[in-house]
Amino acid sequence: MLEDGAAFLRRGDLNCAARRFARAAESAADGGDPAGFGRAQAQLAALEESRGEVDRAFEHNRLAQETFLAIGDGEALVQSFRVDGFLHVRRKEHTAAALGFAKALSLAIQLDGRLVLTTLDQVIPVAKYLAESDQLSALLPLGAALGRAVESPGPEQKREAREFAELAATVAGVFAPLGVLASEPHLPHAKRRRLAARSTHQAWHVDALTKRRWELAALVKETLQKKLSFHEELD
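In this text, residue positions in the sequence shown follow our numbering: the first is 754, and each later residue adds one.
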């Protein structure tokens, strides 16, 4: 039934897709299939979010999250935490959104570097959206939460995990200074320049490490100029 629901979803028939996913969840619950139940709830959460039913999406995602936690499905749990973040962004609950993305990132680092990249692939467009929609101050809690999620890696972490944690920390260092600049518009010029330079240099570093995977330097430059009225050239 999940496959049937996905087929209806691809055709844009959201009502039929929702019914199929709901039946799949019910069938999985009756049949003692927690993994299937969690997947069905996750599909329902995504579907309801796509049509703006944020409260319903939260409830489905909560059920999915509880299930994935109970069965130890770490990868699905990472995605569920990311969905939490997206839903809170929809509500403009920026601190809660930052926490959701930070939980996803923290767990991803423990599991697989690939999950770190896919998490950043989803977080960075959110940051761009916040900047473009005049919610730039939300980058402060986002950057701070991401930074806390990856600080002080344990000595038992593998080298690859540490490298991905360092990348994520550098991304966090791009966002937080921009959030400070937006939140405190009357800072002394010297401090504004230091914050702008910090964000810019971190963005350059991320672009170099990832072969400009996210074009963060361009995002920072545009944000500084168009949103924060900072037009100085930085070394």
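No residue lacks a Cβ here, since even glycine has one placed at the ideal position from N, Cα and C.
In this text the structure is predicted, and so the values were computed from the model without any measurement.
| Item | Value |
| --- | --- |
| Candidates A851, D887 and A798: closest to S810 by CA position | Inspection of the sequence shows that residue 810 is occupied by Ala rather than by Ser. Residue A798 is the option with its Cα nearest to A810. |
| 8 Å Cβ cutoff met for A855 and V831 | no |
| Contiguous alpha helix (DSSP H) assignments of at least 4 residues, all confined to the region 928-982 | 942-963 and 969-975 |
| Three-state secondary structure (DSSP) of L987 | coil |
| Short Cβ contact (8 Å threshold) for S833 with Q818 | yes |
| Cβ separation of L840 and V807, assumed to be a contact under 8 Å, to the nearest whole Å | 6 Å |
| Rounded straight-line distance, which links the Cα of R966 to that of L868 | 15 Å |
| Three-state secondary structure assigned by DSSP to K856 | helix |
| Beta-carbon proximity of F917 to G866, cut-off 8 Å | yes |
| Given Q800 as reference, the closest of P941, A771, T848 and G784 once Cα atoms are compared | It should be pointed out that residue 800 corresponds to Leu in this sequence rather than to Gln. Among P941, A771, T848 and G784, the Cα nearest to that of L800 is on A771. |
| E968 versus I877 - alpha carbon distance | 10 Å |
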